Structure formats: C-alpha cells, structure tokens
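Worksheet for the structure shown next.
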Amino acid sequence: MVVNALRYGTLVLAGWAMVDAAIRPTPAFAAAGKLTKPGWLAINGIALIVMLVFQLLSVQRLAAIVASVVYLVDVRPALREVQGRGRGW
1 MVVNALRYGT LVLAGWAMVD AAIRPTPAFA AAGKLTKPGW LAINGIALIV
51 MLVFQLLSVQ RLAAIVASVV YLVDVRPALR EVQGRGRGW
C-alpha cells in the first residue's frame with residue numbers, strides 16, 4: 001500500500017511538472033534565466049515516461065524524481081516571479 005502511494009505520488013509529481021512547464025509562456029523561461037521551455041518539456045517528458053516504465057527504487061526513477069523536483073522548487077518559482085505572481089505556490 002505504501003509502495004503504491006509512493007509510485008502514484010511520484011507519477012503525479014512528474015505530471016504536475018510537465019503540465020506546469022507546458023502552460024508557462026516560452027519567453028518567461030529566458031527572462032527567468034532558466035533552460036528553455038523545450039528543454040524543460042523534454043526533461044519532464046522523459047521523467048514522466050521513466051516514472052511509467054521503471055520500478056520505484058530504480059536509479060532511473062530516482063533521477064526522474066530529482067528532475068521533477070528541481071523544476072518545481074527552482075524553475076517554477078522563478079517563472080512565477082517573472083510573470084508577476086510573486087512568491088509561494
């Protein structure tokens with residue numbers, strides 16, 4: 001049960017990062033000084049695929065989790081700040 005919760009939780013995390021990157025305007029990434037939108041879409045897309053394919057405690061899945069978390073805690077707040085939405089979630 002706990003394993004399934006972790007599996008689906010990390011899948012939702014990767015999906016959230018992917019959708020968030022997709023809805024942000026392309027110029028905001030450059031204005032925030034971050035990797036381009038296609039770059040983050042590729043990273044988050046690969047992370048989402050890895051989450052679907054690999055088992056919970058695989059190195060590939062852990063790398064995908066790190067990629068999604070980096071987007072959500074570093075890139076997303078910078079994009080929100082550039083867009084004038086301030087800090088916070």
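Reminder that position 82 of the sequence shown reads as 82 in our numbering, one-by-one numbering, no gaps.
Where a beta carbon is used, it is the ideal one built from N, C-alpha and C, also for glycine.
Because the structure is a prediction, the values reported are computed rather than measured.
Under the three-state DSSP convention, the category residue i falls into
| i | result |
| --- | --- |
| S58 | coil |
| L41 | helix |
| R85 | coil |
Sequence-distant residues of its chain with Cβ nearer than 7 Å to residue i (five each side left out)
| i | result |
| --- | --- |
| L48 | A14, G15, M18 |
| I46 | none |
| M51 | T10, L11, A14, R61, A64 |
Cutoff 8 Å; reference residue i; Cβ partners in own chain excluding five residues on either side
| i | result |
| --- | --- |
| L6 | L56 |
Supposed close pair residue i, residue j - CB separation, criterion 8 Å
| i | j | result |
| --- | --- | --- |
| A28 | L41 | Rounded, the Cβ-Cβ distance is 13 Å, inconsistent with contact. |
Residues near residue i by beta carbon distance below 6 Å, same chain, minus five either side
| i | result |
| --- | --- |
| I43 | A67 |
Enumerate, from N- to C-terminal direction, the unbroken alpha helix (DSSP H) stretches of 4 or more residues contained entirely within the segment 2-34.
Taking only runs of at least 4 residues, the alpha helix (DSSP H) segments lying wholly in the segment 2-34 are 2-23, 26-31.
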